[in-house]
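Just so we're aligned: the sequence shown equals residues 2 to 231 in my numbering.
Cβ coordinates follow ideal geometry from the N, Cα and C atoms, glycine included.
These figures come from a predicted structure and were not determined experimentally.
Here the structure comes first, spelled out in structure tokens, and everything after it is commentary.
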Amino acid sequence: MKRKEIMSNTAVTDELLEALDYEHYWNGLSTPMRDDVNPLSKEEKIEKIRSHFKSIMETLGMDLNDDSLQETPLRVAKMYVNEVFKGLDADNKPAIKLFKNGYKYKEMLVERDITVYSYCEHHFVPIIGKAHVAYISNGNVIGLSKINRLVEYYSKRPQVQERLNEQIARALIEVLKTEDVAVIIDAEHLCVKSRGIQDTASSTVTASYHGKFKNETTRKEFLTYINLNA
Ligand SMILES: [Zn+2]
């Protein structure tokens with residue numbers, strides 16, 4: 002199975018998972034986490050990362066006595082734990098309240114152009130893009146900003162785009178109690194743009210369609226709203 006075929010696949014089937022595993026690229030819906038260590042406190046994590054990052058900089062030959070560099074290890078450690086990787090801490094998962102759909106709105110709801118700032122787990126450099134999310138309510142709705150919060154939560158982890166895409170979709174299916182969910186992410190990977198092949202023009206599109214979005218007409222309607230050709 003070629004990569005393109007994987008991307009256009011609509012459901013997470015055993016075949017798809019096997020194909021992705023075969024590529025040694027992505028092999029699960031969950032972020033790989035250690036379960037053999039006691040969870041450290043935030044402060045302990047920051048201290049540990051600070052000291053390791055200091056070693057990395059020193060190994061690169063940098064003089065940490067310089068005013069400009071002195072605080073960098075601590076700054077990076079705080080940024081990792083409190084900001085860019087805060088989605089690794091389940092305590093930061095947004096609490097989402099479900100409302101009854103009082104307007105009896107039965108059409109598709111689309112929220113497009115949700116900003117995605119994530120990190121490639123293979124190179125630890127940014128993935129920057131947009132997520133487009135749609136669902137069809139089965140009687141329940143959530144606050145619109147909660148969709149942004151869910152996208153943000155799963156983005157703030159070292160990620161591969163396929164997994165990020167699927168994690169957002171699964172989370173929405175869970176909170177909205179409907180399978181009728183679609184998520185598309187269009188993102189640029191700095192590991193592709195700023196190093197390696199240095200392709201500054203390309204972006205990567207991933208999609209996951211569930212429930213009614215497996216239907217071509219429904220999917221096309223969604224793609225029309227977000228201005229992507231079906
Ligand atoms: Zn990468």
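{"Item": "Looking only at its own chain, which residues have a Cβ that is under 7 angstroms from the Cβ of residue 154, when we skip the five neighbours before and after it?", "Value": "88, 93, 94 and 95"}
{"Item": "Give, in chain order, every unbroken run of the alpha helix (DSSP H) that is at least 4 residues long and sits entirely within the stretch 136–218.", "Value": "145–156, 162–177 and 191–194"}
{"Item": "What is the rounded straight-line gap between the Cα of residue 112 and the Cα of residue 227?", "Value": "9 angstroms"}
{"Item": "Please confirm whether any heavy atom of ligand 1 lies closer than 6 angstroms to the CB of residue 211.", "Value": "no"}
{"Item": "Between residue 98 and chain D, is there a C-beta pair that is closer than 7 angstroms?", "Value": "Among the protein chains of the structure shown there is no chain D, as only one such chain exists."}
{"Item": "Could you tell me which of 225, 203 and 185 sits nearest to residue 115, measuring between CA atoms?", "Value": "185"}
{"Item": "In chain order, what residues place their C-beta within less than 5 angstroms of a heavy atom belonging to ligand 1?", "Value": "121, 123, 124 and 192"}
{"Item": "I need the straight-line Cα distance from residue 215 to residue 131, nearest angstrom please.", "Value": "22 angstroms"}
{"Item": "Would you kindly report the start and end of the unbroken alpha helix (DSSP H) that includes residue 79?", "Value": "73–79"}
{"Item": "Buried or exposed: residue 44, going by 16 or more other Cβ atoms within 10 Å of its Cβ?", "Value": "exposed"}
{"Item": "Report, in whole angstroms, the separation of the C-beta atoms of residue 165 and residue 156, which I expect to be a contact under 8 angstroms.", "Value": "6 angstroms"}
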